[in-house]
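Colleague: This is the structure I have questions about; it appears just below.
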Amino acid sequence: MGIKSWLPAVSLVLGTVSTVTGFTPEDFISAPRRTPATPNGAGTLAFYYVSSYSFKTHKTTGNWNLLDLSTGSNSVVLTSDVSEIVWLSDSTVLYINGTGSAIEGGVELWVADISGKTKSYRAASLPAPLGNLKAVKTSGGVNFVVTGLAYPNGTAYNPELEVKPYSSARVYDSLFVRHWDTYITPQKSAIFSGSLKSTGGVYSSSGGVKNLFYGLEGLETPVGPFGSSSDFDLSSDGNTVAFLSRAPDQDLANTTASYIYVVPHSGSQKPAAINLPSKHWKPEGASANPVFSPDGDSLAYLQQDLNGYESDKNKIYSYDLKSKTYTEFAEGWDRAPGSIAYSKDGKTFLLITEEQGREKVFTLSTSAKSSVEPKAVTGAEHGSVSSAVPLSNDVLLLSATSIVSSTGFSKLNLSTNKTTELLSPNKVDPALKSLSKSSVSDFWFDGAATKVHGWVVRPENFDKNKKYPIAFLIHGGPQGAWVDNWSTRWNPKLFAEQGYVVITINPTGSTGYGQAFEDAIQNNWGGAPYIDLVKGFDYVLKTYPFLDKDRAVALGASYGGYMVNWIQGQDFGRKFKALVTHDGVFSTLNQFTSDELYFPEHDFNGTLWADRANFERWDPAAHIANWSTPHLVIHNDLDYRLPISEGIATFNALQVRGVPSRFLNFPDENHWVLNKENSLVWHNEVFGWINKWSAKKA
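Here the sequence shown stands for residues -22 to -1, 1 to 676, numbered as in mature numbering (1 follows the signal peptide of the UniProt record, and there is no 0).
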């Protein structure tokens, strides 16, 4: 059946679902999206960026807002031309302006007084599209650092000024050919340092920017594909930079090792690694989130023991820059913090850590003995915290989301345990006002080897006396989890508002339930996790009488897409009216087409040639003869983690077998769908498919 002949059926099918509420894909995609809030030093004001998309103008608009931390009132301070802001004082900001640069393809640094007493002005022009700005006031002005791509000769890469070659050929003599959604090029991410001098209170450039990595091959920050400004830090006096870089002496396709380096802001010395493996220092895995203590004497960071396992447990370390000694904290803690920061006085670590379906803030004394475990200071009422910034030694500014709310802001008093709401999206965003926490609950059941956790998400017009179709969502990773947060891609609440009761389960391999549970998926992809999902599905059918077992659909992306393909070939696949695979695995034997080869080598306990049986054991393609459930396959051209051939092969097999199937492709998307218009098509296609088949009774 051709594409054009099927498209009109989507809207017709969507129109037949009488339980759909006012929360549509258009509402979801166009609803305001806010960044975490960043407070000034006094803890009185904070800025954040908020953007919205219009399907009428087909454009995204946004502004930088100022949040009064006493009253919660908002005001717009800067327009969307501003890409990044940092505080210089309690009322002065330094920001990057990405338009109208004096240098073609470059950006500018501007200074603004948020009180409006003085006009904004340009302080410096940067020679390339540099970003990830961090800055500190000094006695003579401002020291700042930015990151961007650099040529091998150390100069900043400006694509607008590049002379395009006549040939598009690429030639490689070693691994890494491509990563995530781009091919590897000679340009590498580097940190550039610069300064602004102050003359009569007015800042101006004191020279160009300097590549702190020049002359050292293999250093790169931020680390792709998800690296950010958390990959480096600038000390409080502005004199020292700390950063992480993947191991420069190892091929990047087969290693997760990264080291923490320190370097003078002036570039007067070369970067020096503080945690290279040695006979005295055993950790060999990835490092993360280097951050200076407020006094600049110590450097805290997270590190994994194992090289080649990206989901190994993050351990907490502090490095004394004077004595050059290490301290490990919370050695017996069975949790893996995702970020680390210091309190205002430097006496407490602030750790954001996933635990049993939520991102929580934990605190730990910086003088604690190694046996002391961090203490959770946020709970279910806070949802999942994405940012926790100290306003004082007792008060944190929280940016948090939940399954029913995008990013909102609140203050948490650690002494009184009192939370003060500053901004709630459910109160200020029209599209989210109808969404309530009462529509979400969680459950536990006996899985393959231990208790397993899951979520139930109901529509807002839920009636316990009615029967509802089931949307059974399976997460990716595989070391990942469904947590109480807001997703702009796979959003359980949006599925619920189309008339489904959504079930999400965190099976073996999921994060936040202890390292042993997470590690147990190794060489076990279709084993214990599959059993957990089967048991979980049986459990919810027995527990919740409002679920219609004859109108269930299953959907998943990445590893979740693998699992949907695996389920298609098992008896469990016949329990669903329809299946949806997004960027999934057709065959585990194809894993060496991926970018990060350490991943399949770890999860399948070896290489394809030396340990082939491990790759064959859980291969969905080995069970194609059983495929019979209607199946929507989605795959994107720029997905180099799971190449497009995986989706095409899945669709081809379904078509040859005569299974009702459909293929959706986005040539300009990677492993995710980020373009707003593409996202609308994605949701309409997915809902059209599952509504069509779930509407059919057994």
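In this text, a Cβ means the ideal position worked out from N, Cα and C, and glycines have one as well.
Remember, it's a predicted structure, so these values are computed and weren't measured experimentally.
Please name the residue or residues paired with I452 in a DSSP beta bridge.
Modeller: Within the sequence shown, the letter at position 474 stands for residue 452. BP columns for I452 point to G534.
Colleague: May I have the straight-line CA-CA distance separating K22 from T326, to the nearest angstrom?
Modeller: Position 44 of the sequence shown, counted from the first residue, corresponds to residue 22. Position 348 of the sequence shown, counted from the first residue, corresponds to residue 326. The question names Lys, but residue 22 is Thr in the sequence shown. Answer to the nearest angstrom: the Cα atoms are 21 Å apart.
Colleague: Pick helix, strand or coil for L642, following the three-state DSSP scheme.
Modeller: Numbered from 1 along the sequence shown, position 664 holds the residue referred to as residue 642. Strand, per DSSP.
Colleague: Could you tell me which of G562, L616 and S176 sits nearest to D646, measuring between CA atoms?
Modeller: To locate residue 646, count along the sequence shown from 1; it is residue 668. Comparing Cα-Cα distances from D646 to each of G562, L616 and S176, the minimum goes to L616.
Colleague: Run through DSSP, which three-state label would D206 get?
Modeller: Looking up residue 206 in the sequence shown gives position 228. The sequence shown places Ser at residue 206, rather than the Asp named in the question. It is coil, neither helix nor strand.
Colleague: Run through DSSP, which three-state label would T163 get?
Modeller: Position 185 of the sequence shown, counted from the start, is the residue given in the question as residue 163. Coil at T163, not helix or strand.
Colleague: Suppose you measure from the CA of V542 to the CA of V651; what does that come to, to the nearest Å?
Modeller: Sequence index remark: in the sequence shown, residue 542 carries index 564 (1-based). Sequence index remark: in the sequence shown, residue 651 carries index 673 (1-based). Approximately 19 Å between the Cα atoms of the pair.
Colleague: Under the three-state reduction of DSSP, which class applies to T116: helix, strand or coil?
Modeller: Along the sequence shown, one-based indexing puts residue 116 at 138. Coil.
Colleague: Going by DSSP, name the residue or residues bridged to R100.
Modeller: Locating residue 100 in the sequence shown gives position 122, counting from the first residue. Partner(s): W88.
Colleague: Tell me whether Q247 is buried or exposed, calling it buried when 16 or more other Cβ atoms sit within 10 Å of its Cβ.
Modeller: On the sequence shown, position 269 is the one that residue 247 refers to. Exposed: under 16 other Cβ atoms inside 10 Å.
Colleague: With a CB to CB cut of under 8 Å and the five nearest residues on each side skipped, what residues in its chain are close to E62?
Modeller: As a first step, residue 62 must be located in the sequence shown, where it is residue number 84. The residues are Y73, I74, G109, N110 and L111.
Colleague: Assign P200 to one of two classes, buried (16 or more other C-beta atoms within 10 Å of its C-beta) or exposed (fewer than that).
Modeller: Looking up residue 200 in the sequence shown gives position 222. Its Cβ being crowded by 16 or more others within 10 Å, P200 is buried.
Colleague: Quick one: grab the DSSP three-state call for Q281.
Modeller: Along the sequence shown, read from residue 1 onward, the residue named residue 281 stands at position 303. Q281: strand per DSSP, three-state reduction.
Colleague: Alpha carbon to alpha carbon, what distance is there between S213 and F582?
Modeller: Locating residue 582 in the sequence shown gives position 604, counting from the first residue. Locating residue 213 in the sequence shown gives position 235, counting from the first residue. If you take the alpha carbons of F582 and S213, they lie about 42 Å apart.
Colleague: Is there contact here, the stretch 175 to 195 with the stretch 649 to 664, by at least three beta-carbon pairs under 8 Å?
Modeller: Verdict: no, contact absent.
Colleague: Quick one: give me the first and last residue of the beta strand (DSSP E) that D298 is part of.
Modeller: Along the sequence shown, one-based indexing puts residue 298 at 320. K293 to D298 is the extent of the beta strand (DSSP E) around D298.
Colleague: Mapping DSSP to helix, strand and coil, what is I602?
Modeller: For this step, residue 602 is matched to residue 624 along the sequence shown. Reduced to three states, the DSSP call for I602 is helix.
Colleague: Residues in the same chain with beta-carbon distance under 6 Å from F440, minus the five sequence neighbours each way, listed in chain order, please.
Modeller: Position 462 of the sequence shown, counted from the first residue, corresponds to residue 440. No residues qualify anywhere along the chain.
Colleague: Can you tell me whether L652 is helix, strand or coil according to DSSP?
Modeller: As a position in the sequence shown, residue 652 is number 674, starting the count at 1. If DSSP states are grouped into helix, strand and coil, L652 belongs with coil.
Colleague: Skipping 5 residues on each side, what residues in its chain have a beta carbon closer than 7 Å to that of T(-4)?
Modeller: One-based indexing of the sequence shown puts residue -4 at position 19. Note that T(-4) has pLDDT 49, beneath the 50 cutoff, so the model's placement of it is unreliable and the number below is only indicative. The answer, listed in chain order, is P437, N439 and G477.
Colleague: Using the DSSP secondary-structure output, state which residues sit across from L525 in a beta bridge.
Modeller: The count along the sequence shown starts at 1 and reaches residue 525 at position 547. Answer is Y446.
Colleague: Just to confirm my understanding: we take H580, look at its own chain, exclude 5 residues before and 5 after, and list those with CB closer than 6 Å. What are they?
Modeller: Along the sequence shown, read from residue 1 onward, the residue named residue 580 stands at position 602. Excluding sequence neighbours, H580 sits near G286 and Y287.
Colleague: Which class does G625 belong to by DSSP, given the choice of helix, strand or coil?
Modeller: One-based indexing of the sequence shown puts residue 625 at position 647. Helix.
Colleague: Name the two residues that bound the continuous alpha helix (DSSP H) containing F473.
Modeller: The sequence position of residue 473 within the sequence shown is 495, counting from 1. It spans P470 to A474 - the alpha helix (DSSP H) in which F473 sits, taken as one unbroken run.
Colleague: Candidates A220, D211, A113 and L519: which alpha carbon is nearest G174's?
Modeller: Translated into the one-based positions of the sequence shown, residue 174 becomes position 196. The residue you asked about is not Gly; residue 174 is Leu in the sequence shown. Ranking the options by Cα distance to L174, first place goes to A113.
Colleague: Assign G625 to one of two classes, buried (16 or more other C-beta atoms within 10 Å of its C-beta) or exposed (fewer than that).
Modeller: Working through the sequence shown from its first residue, we reach residue 625 at position 647. When all chains shown are included, G625 counts as buried.
Colleague: Buried or exposed for E337, please, with buried defined as at least 16 other CB atoms from any protein chain shown within 10 angstroms of its CB.
Modeller: Taking the sequence shown and counting its residues from 1, the one referred to as residue 337 is at position 359. When all chains shown are included, E337 counts as buried.
Colleague: Have a look at F154, P403 and V219 and flag the residue whose alpha-carbon is nearest the alpha-carbon of N52.
Modeller: In the sequence shown, counting from the first residue as 1, residue 52 sits at position 74. Closest option to N52, Cα to Cα, is P403.
Colleague: Decide if G78 is buried, meaning its Cβ has at least 16 other Cβ atoms within 10 Å, or exposed.
Modeller: Position 100 of the sequence shown holds residue 78. Classification of G78: exposed, given that the 10 Å Cβ count is below 16.
Colleague: Does DSSP put I481 in a helix, a strand or coil?
Modeller: One-based indexing of the sequence shown puts residue 481 at position 503. If DSSP states are grouped into helix, strand and coil, I481 belongs with the strands.
Colleague: What are the start and end residues of the beta strand (DSSP E) that includes E337?
Modeller: Numbered from its first residue, the sequence shown carries residue 337 at position 359. First-last of the beta strand (DSSP E) with E337: R336 to S343.
Colleague: Which runs of the alpha helix (DSSP H) spanning at least 4 residues fall entirely within the stretch 211 to 294, listed in chain order?
Modeller: With a minimum length of 4 residues, no continuous alpha helix (DSSP H) run stays inside the stretch 211 to 294.
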